[in-house]
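Engineer:
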Amino acid sequence: MEEECSSCHTPLGWVRVHVEEERIRRVIITQEAPSSDVRESLVGRQACDAIQEWLAGGAWPEGLPLAPQGTPFQQRVWQRLQQIPPGRRVTYGELAEELGTGARAVGGACRANAIPLLIPCHRVVAANGDGGFAGHTRGRWLEIKRWLLQHE
Numbered sequence: 028m029e030e031e032c033s034s035c036h037t038p039l040g041w042v043r044v045h046v047e048e049e050r051i052r053r054v055i056i057t058q059e060a061p062s063s064d065v066r067e068s069l070v071g072r073q074a075c076d077a078i079q080e081w082l083a084g085g086a087w088p089e090g091l092p093l094a095p096q097g098t099p100f101q102q103r104v105w106q107r108l109q110q111i112p113p114g115r116r117v118t119y120g121e122l123a124e125e126l127g128t129g130a131r132a133v134g135g136a137c138r139a140n141a142i143p144l145l146i147p148c149h150r151v152v153a154a155n156g157d158g159g160f161a162g163h164t165r166g167r168w169l170e171i172k173r174w175l176l177q178h179e
């Protein structure tokens, strides 16, 4: 099956939602405008619309068909992330204690999250600061994380 991609412009930049077999596989935040020759899907368009609405002050996008790909441990962390309500923050250490693992392992699972925003790794913070976002610990990625936390 061919991957489809829907894009939308948000306060964070362009958000691209990659869909395969009617399930969301990846979300990419970029500064680059989308190509016009990309095949779009209904699921991707619904996800983009829901993300735009949420970032404009609407409800958190729930019920979208996510298909994250990772190890069983990563899947466990990502499932738990989806249970953290908007506006709430937990530390890597708190989440690690709850899952019976180490904070660095939780951080690694967050770093491997290919569906940021919809699997809300931005709600996990370091005990002494922000932590990282989308595999980065500084620059515009940290600005995005701070914006998301303030937005919620």
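Residue numbers 28 to 179, in the working numbering, belong to the letters of the sequence shown in order. Idealized CB from N, CA, C, for every residue including glycine. Quick caveat, the model's predicted, so the values are computed rather than measured.
#1: How close, in whole Å, do the beta carbons of residue 60 and residue 101 come, if the pair is a contact with beta carbons under 8 Å?
#2: Contact defined as beta carbons within less than 8 Å: I believe residue 175 pairs with residue 146. What is the distance between those atoms, to the nearest angstrom?
#3: According to the Cβ coordinates, are residue 97 and residue 119 closer than 8 Å?
#4: Cβ atoms of residue 56 and residue 143: under 8 Å apart, would you say?
#5: Need the endpoints of the alpha helix (DSSP H) that residue 121 sits in, please.
#6: In chain order, what residues of the same chain lie with their CB nearer than 7 Å to the CB of residue 37, ignoring the 5 residues before and after it?
#7: Taking buried to mean at least 16 other C-beta atoms within 10 Å of its own C-beta, is residue 62 buried or exposed?
#8: Chain C beta carbons: is any one of them nearer than 8 Å to that of residue 170?
#9: Can you tell which of 58, 87, 92 has its C-alpha closest to the C-alpha of residue 68?
#10: Give the single residue among 104, 99, 34, 70 whose Cα lies nearest to the Cα of residue 90.
#11: So, with DSSP's three-state summary, where would you put residue 65?
#12: By Cβ distance, which residues of its chain are closer than 6 Å to residue 35, with the 5 residues on each side in sequence left out?
#13: Just mark residue 85 as buried or exposed, buried being the case when its beta carbon has 16 or more other beta carbons within 10 Å.
#14: DSSP beta-bridge partners for residue 51?
Structural biologist: Judging by the given coordinates:
#1: That belief does not hold up - the Cβ atoms of residue 60 and residue 101 are roughly 31 Å apart, past 8 Å.
#2: Contact between residue 175 and residue 146 is ruled out by a C-beta separation of about 13 Å, above the 8 Å threshold.
#3: Contact: no.
#4: Result yes, Cβ atoms of residue 143 and residue 56 sit closer than 8 Å.
#5: Note, residue 121: alpha helix (DSSP H), 119-126.
#6: Closer than 7 Å at the Cβ level, and outside the excluded window around residue 37, lie 78, 79, 82.
#7: Exposure of residue 62 is indicated by the presence of fewer than 16 other C-beta atoms within 10 angstroms of its C-beta.
#8: Chain labels in this structure do not include chain C; a single protein chain is all it has.
#9: Closest option to residue 68, Cα to Cα, is 92.
#10: With respect to the C-alpha of residue 90, the residue from 104, 99, 34, 70 having the closest C-alpha is 70.
#11: Residue 65 falls in the coil class under three-state DSSP.
#12: For residue 35, where only same-chain residues beyond five positions count, the Cβ hits under 6 Å are 42, 75, 79.
#13: Residue burial annotation: residue 85 is exposed, with fewer than 16 other C-beta atoms found within 10 angstroms of its C-beta.
#14: Paired residue(s): 46, 93.
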